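Enquirer:
Numbering (this note's numbering), first residue to last: -8 to 488.
#1: Alpha carbon to alpha carbon, what distance is there between residue 213 and residue 295?
#2: Determine the closest residue to residue 303 out of 341, 264 and 321, with distance taken between C-alpha atoms.
#3: Could I get the ranges of all uninterrupted alpha helix (DSSP H) runs contained in the region 318 to 372, with 4 residues as the minimum, in chain order?
#4: Extract the residue ranges of the alpha helix (DSSP H) inside the region 415 to 469, only unbroken runs of 4 or more that lie entirely within it.
#5: To the nearest angstrom, how far is the alpha carbon of residue 172 from that of residue 245?
#6: With a 10 Å radius around its C-beta and 16 neighbouring C-beta atoms as the bar for buried, classify residue 476 as buried or exposed.
#7: Would residue 392 and residue 319 be called neighbours here (beta carbons separated by less than 8 angstroms)?
#8: Can you tell me whether DSSP reads residue 278 as helix, strand or coil?
#9: Have a look at residue 471 and residue 422 and give me their C-alpha separation to the nearest angstrom.
#10: Checking the sheet assignment: what are the DSSP bridge partners for residue 193?
#11: Where does residue 479 fall in DSSP's three states?
#12: Quick check on DSSP: helix, strand or coil for residue 301?
#13: I'd like to know whether the C-beta atoms of residue 162 and residue 332 end up nearer to each other than 8 angstroms.
#14: Curious, which full-length beta strand (DSSP E) runs of at least 3 residues does the region 140 to 180 contain?
#15: Residues bridged to residue 292 by DSSP?
#16: Does the beta-carbon of residue 341 have 16 or more other beta-carbons within 10 angstroms, so that it is buried, or is it exposed?
#17: What's the call for residue 360, buried or exposed, on a 16-neighbour Cβ count within 10 Å?
#18: Using a 10 Å radius around the Cβ and a threshold of 16 neighbouring Cβ atoms, would you call residue 396 buried or exposed?
#19: Under 8 angstroms, do residue 290 and residue 299 count as touching if we go by C-beta distance?
#20: Could you spell out where the alpha helix (DSSP H) holding residue 228 opens and where it closes?
#21: For residue 272, which residues of its own chain have a beta-carbon under 8 angstroms away from its beta-carbon, when the five flanking residues on both sides are left out?
#22: If distances are taken between C-alpha atoms only, which option among 196, 152, 394 and 223 comes closest to residue 282?
#23: What residues match up with residue 410 in a beta bridge as DSSP calls it?
#24: State yes or no: is the C-beta of residue 386 within less than 8 angstroms of the C-beta of residue 347?
#25: Could you give the first and the last residue of the continuous beta strand (DSSP E) run that contains residue 495?
#26: Going by beta carbon distance, what residues of the same chain come within less than 6 angstroms of residue 193, once the five residues before and after it are set aside?
And the structure:
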């Protein structure tokens, strides 16, 4: 049926108006395709203009509606709405695209509201498609652009490495300055510095030092002062015996003095010449006098005369020292739901309960926390802080035990949470505390998910054996044995009470 042939009848005002409305209805009801132009054909007789009707008798481009949607026309009014010619692109096709009215079928008898809703839905679909197309990375994009999560992980790793490198740099600078001062006074081969199991404090312009060796269970106090060696030796002995276990800053890299306030680190671990524990300053001074007058050794070292005194610790000095932190361990155990014996065993293995333990990594304190890794992990995940603990923060026993125990929960509840057997998970936690959760999983499989599956198929003893024999780090292989043996001792002590 061709509408252009019917439009050649003699024009009558009423009839022309009726046909104009029919033609506009045809265009408004059918024009839901991709046309951007409308043609009525060459033989069409132009009807008189109808008010508020956008359809015209001659080929005139109808602009596609932009973002703003027109309200539905009132009853008796007809409008032509043109959608973009290519909804995948979201823009109309070229101006040469036309659709002849003669090819249109009669308009369906649908409500105006239904007809006006279809173009809006099509526009929404086009917008979504356009956004999806924009979200696809260009072909020249790098893999970091295509996988933003990996990019964030890589950036976090780079920042962690940068922080760790900065810490190592600062640590080496401090140790280097200390070594330079010590070599000038003691000789090139006589440098002794703090470590995980040794506390060393220099005084008297680096001419005197006290060393607590918790591995060997002995205190060594020495001086190279030649003007008044016995007086300097006595002062160093008193300083060593009364060093507090919770000093805000133990000044381990300088010769500055520290306050004697607070309980002594060696309290109950040293017996004087009368067999009495050295707890107070007056007894420490009296014991120092006795040692200077009766126990001084005179040595030749690197061309220097060294005056030396050795003081043994009691046999169970490790347990006595650990008892000082009992209330802190109990609080952390309850706070994080971690077995007390595990906390004690890790502390003993890491530092022999030396609150000023320092390693080359560097790690600090009782549980040997690395500020930029475990420390930052705890601060961000548990404390909700966007920073990391300082060295002096970790030298505080309460802070250190809290941070170390919190890190155990991160290993348990995040990194190793999918290990099903409690004892297998505990072995993984112990090994992960020393060498990291990633190395624990790599011991079983290169793929982390597969590693968890392998662990869950093994018995706890098999998990222990693999970590003890196959872990990539020799230190970690021995670490799990030391911690589990210490844990058994503390369990026996707990059951004996």
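Each residue gets a CB set at the ideal place from its N, CA and C atoms; glycine is no exception. If you're wondering where the values come from, they're calculated on a predicted model, not measured in any experiment.
Expert: Looking at the coordinates:
#1: Looking at the backbone, the Cα of residue 295 and that of residue 213 are separated by about 12 angstroms.
#2: 264
#3: Entirely contained in the region 318 to 372, the alpha helix (DSSP H) runs reaching 4 residues are, in chain order, 331 to 342 and 367 to 372.
#4: 428 to 433, 439 to 448 and 451 to 461
#5: Their backbone Cα atoms lie some 9 angstroms apart in a straight line.
#6: exposed
#7: yes
#8: If DSSP states are grouped into helix, strand and coil, residue 278 belongs with the helices.
#9: 6 angstroms
#10: Paired residues: 200.
#11: helix
#12: Strand.
#13: no
#14: none
#15: Beta bridge pairing from DSSP links residue 292 with 295.
#16: buried
#17: buried
#18: buried
#19: Their beta carbons are under 8 angstroms apart, which means residue 290 touches residue 299 by this criterion.
#20: 220 to 232
#21: 229, 233 and 251
#22: 223
#23: Beta-bridge pairing links residue 410 to no other residue.
#24: Yes, the Cβ-Cβ distance between residue 386 and residue 347 is below 8 angstroms.
#25: Nothing about residue 495 can be read from this structure; the chain reaches only from -8 to 488.
#26: 200 and 246
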